[in-house]
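To keep things clear, I will list the structure first and then write my remarks on it.
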Amino acid sequence: MRITPVIALLLSISVMSPRAQEPKPSAAPTAGFVLVIHGGAGLMAKDEFTPDREKASRATMEAALLAGHGVLARGGTSVDAVITAIRILEDSPLFNAGRGSALTAEGTVEMDASLMDGASHRAGAVAGVKHVKNPIELARLVMDKTPHVMLAGEGAEALAKQHNLALMPPEYFVTELRRLQLERVQRQEKARKEKQEKSQHGGVESIGTVGAVALDKHGNLAAGTSTGGMVNKRFGRIGDSPVIGAGTYAHNHTCAVSGTGHGEYYLRGVLAYDIAAKMDYQGWSLTNAATDVVMRKLSEAGGMGGVIALDSKGNVAMPFNTQGMYRGVIRADGKPWTAIRKE
Ligand code: ASP
Numbered sequence: 169m170r171i172t173p174v175i176a177l178l179l180s181i182s183v184m185s186p187r188a189q190e191p192k193p194s195a196a197p198t199a200g201f202v203l204v205i206h207g208g209a210g211l212m213a214k215d216e217f218t219p220d221r222e223k224a225s226r227a228t229m230e231a232a233l234l235a236g237h238g239v240l241a242r243g244g245t246s247v248d249a250v251i252t253a254i255r256i257l258e259d260s261p262l263f264n265a266g267r268g269s270a271l272t273a274e275g276t277v278e279m280d281a282s283l284m285d286g287a288s289h290r291a292g293a294v295a296g297v298k299h300v301k302n303p304i305e306l307a308r309l310v311m312d313k314t315p316h317v318m319l320a321g322e323g324a325e326a327l328a329k330q331h332n333l334a335l336m337p338p339e340y341f342v343t344e345l346r347r348l349q350l351e352r353v354q355r356q357e358k359a360r361k362e363k364q365e366k367s368q369h370g371g372v373e374s375i376g377t378v379g380a381v382a383l384d385k386h387g388n389l390a391a392g393t394s395t396g397g398m399v400n401k402r403f404g405r406i407g408d409s410p411v412i413g414a415g416t417y418a419h420n421h422t423c424a425v426s427g428t429g430h431g432e433y434y435l436r437g438v439l440a441y442d443i444a445a446k447m448d449y450q451g452w453s454l455t456n457a458a459t460d461v462v463m464r465k466l467s468e469a470g471g472m473g474g475v476i477a478l479d480s481k482g483n484v485a486m487p488f489n490t491q492g493m494y495r496g497v498i499r500a501d502g503k504p505w506t507a508i509r510k511e
């Protein structure tokens, strides 16, 4: 068929339509920059969430926000800010990531993490790692040093060794608090089974997963998530946190998202990507898209959790359908804001 000038024009218009366009490698520079973090969503068991623990958790979140702010203020990338903030939360025994990860039914630690760069749309993820001090750094190595998106278990740890990432013995990750939590959840599960009630495994006790989303001075978005997963999980279980589109997603064209909650629901609903898709295909605002996905879609499916979401204009949404979600925001003014319960 001969392509007439009219057909050529129509073709070029359809190719240029905004919906079909990939994001520009770097969005327009913005004066402002933003970092948003979470430290997990769920029910706060009274014996576990003491005022002292809340205070210490908020102080750690503030430290993470300030460190990430430092990176962004110096003109660093959103990817670096996300990793800097998450590393601090992974090193704290208070959160369910890195040291202090939730335990499997066997009392062991298996960690998942992922990272996505909204400018290049590259991503890296690791699943089921047992010795890597900072799984988020290993996710970056997968993104930067391999042609793959996700590595699991031994192969992931081999990459960590190859690049001299810090490795720790299993005892480093296991805290007394997580041991007690596992015992409590196993007792509750047993009681439920005896009463033949439907299992609510993990929906409430998994609080502490960490995540961060950032917008840098160059206008680029990034997202990352790191977790020990659900307490009392089967060994080998992989949640949503390392799955791009489920627990983590970033695209300059729409938004950056990190989720926390009952991962199976995030996996089945592809929730992080769903927020971006609503913005992309339907032109929804960040707040409407994130609120609809968490408060309607996740809730209707029977799942518990929340997300932090950020768009390229610096709008922030942090919906959750649980009792609380550890969360914090810092903008260019450098004043960290944190919250735990609904406020
Ligand atoms: N989403 C995580 C998982 O399912 C747990 C959490 O966020 O608390 O592994």
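According to the numbering used here, the sequence shown is numbered sequentially starting from 169. Ideal Cβ placement from N, Cα and C applies to all residues, glycine included.
For ligand 1, any of its heavy atoms closer than 8 Å to the Cβ of His430?
-> yes
Inter-residue spacing [alpha-carbon to alpha-carbon] between Arg360 and Val353 | 10 Å
Taking only the alpha-carbon atoms, compute the straight-line gap between Met398 and Thr272 and give it to the nearest angstrom.
-> One C-alpha to the other measures close to 8 Å.
Over the uninterrupted beta strand (DSSP E) stretch that includes Met447, give me the two end residues.
-> Premise fails: Met447 lies in the alpha helix (DSSP H), Leu439 to Gln450, not in any beta strand (DSSP E).
Could you give the DSSP three-state label for Asp285: helix, strand or coil?
-> strand
Could you please give me the residues that DSSP links to Ala485 through a beta bridge?
-> BP columns for Ala485 point to Ala477.
Looking at C-alpha atoms only, which residue of Ile443, Gly296, His331 and Asp384 is the closest neighbour of Ala500?
-> If we check each option's Cα against that of Ala500, Asp384 comes out closest.
Can you list, in chain order, the residues of its chain whose CB lies under 6 Å from that of Lys301, leaving out five sequence neighbours each side?
-> Ala334 and Met336
Measuring CB to CB, does Val250 end up less than 9 Å from Ile304?
-> For Val250 and Ile304, yes; Cβs fall inside 9 Å.
With 16 as the cutoff for other CB atoms within 10 Å, does Gln450 come out buried or exposed?
-> exposed
How would you write the range of the alpha helix (DSSP H) that Arg360 sits in, first residue to last?
-> That run of the alpha helix (DSSP H) goes Glu344 to Glu362.
Between the region 218-238 and the region 473-492, do at least 3 Cβ pairs fall closer than 8 Å?
-> no
So is Phe403 buried or exposed if we call it buried at 16+ other beta carbons inside 10 Å?
-> Exposed, because fewer than 16 other Cβ atoms sit within 10 Å of the Cβ of Phe403.
Which first and last residues belong to the beta strand (DSSP E) in which Ile508 is found?
-> Trp505 to Arg509
Under a three-way DSSP split, which group does Asp259 fall into?
-> helix
Within 9 Å, strictly: CB atoms of Ala295 and Met318 | yes
So, using beta-carbon positions, are Ser282 and Pro410 closer together than 9 Å?
-> yes
Take every Cβ of the region 427-445, pair it with every Cβ of the region 460-477, and state whether three or more of those distances are shorter than 8 Å.
-> Under the 8 Å Cβ criterion, the region 427-445 counts as touching the region 460-477, having at least three qualifying pairs.
Secondary structure of Gly323, DSSP reduced to three states = helix
Using a threshold of 9 Å, state whether the C-beta atoms of His331 and Lys358 are closer than that.
-> no
From the DSSP output, in three-state form, read off Val381 for me.
-> Strand, per DSSP.
Near ligand 1: Met486 beta-carbon under 8 Å from a heavy atom | no
Arg290 - partner residues in DSSP beta bridges = Looking at the DSSP output, Arg290 sits in a beta bridge with Asp285.
So what does Tyr417 bridge to, in DSSP terms?
-> Val425
Alpha-carbon spacing of Ser426 relative to Gly321, whole angstroms | 22 Å
Beta strand (DSSP E) segment containing Val239, residue limits | Unbroken run through Val239 is the alpha helix (DSSP H), Pro219 to Ala241; no beta strand (DSSP E).
From Leu345 to Ala382, what does the alpha carbon distance come to, in whole angstroms?
-> 30 Å
Taking only the alpha-carbon atoms, compute the straight-line gap between Trp505 and Ile375 and give it to the nearest angstrom.
-> 20 Å
Would you identify the three-state DSSP class for Met398, choosing helix, strand or coil?
-> In this structure, Met398 counts as coil in the three-state DSSP scheme.
Let me know if Arg509 comes out buried or exposed under the rule of 16 or more other beta-carbons within 10 Å of its beta-carbon.
-> exposed
Starting from Leu309, follow the alpha helix (DSSP H) in both directions and report where the run begins and ends.
-> Pro303 to Lys313
So what's Met336 in DSSP terms, helix, strand or just coil?
-> coil
DSSP-derived helix/strand/coil call for Met472 = The three-state secondary structure of Met472, taken from DSSP, is coil.
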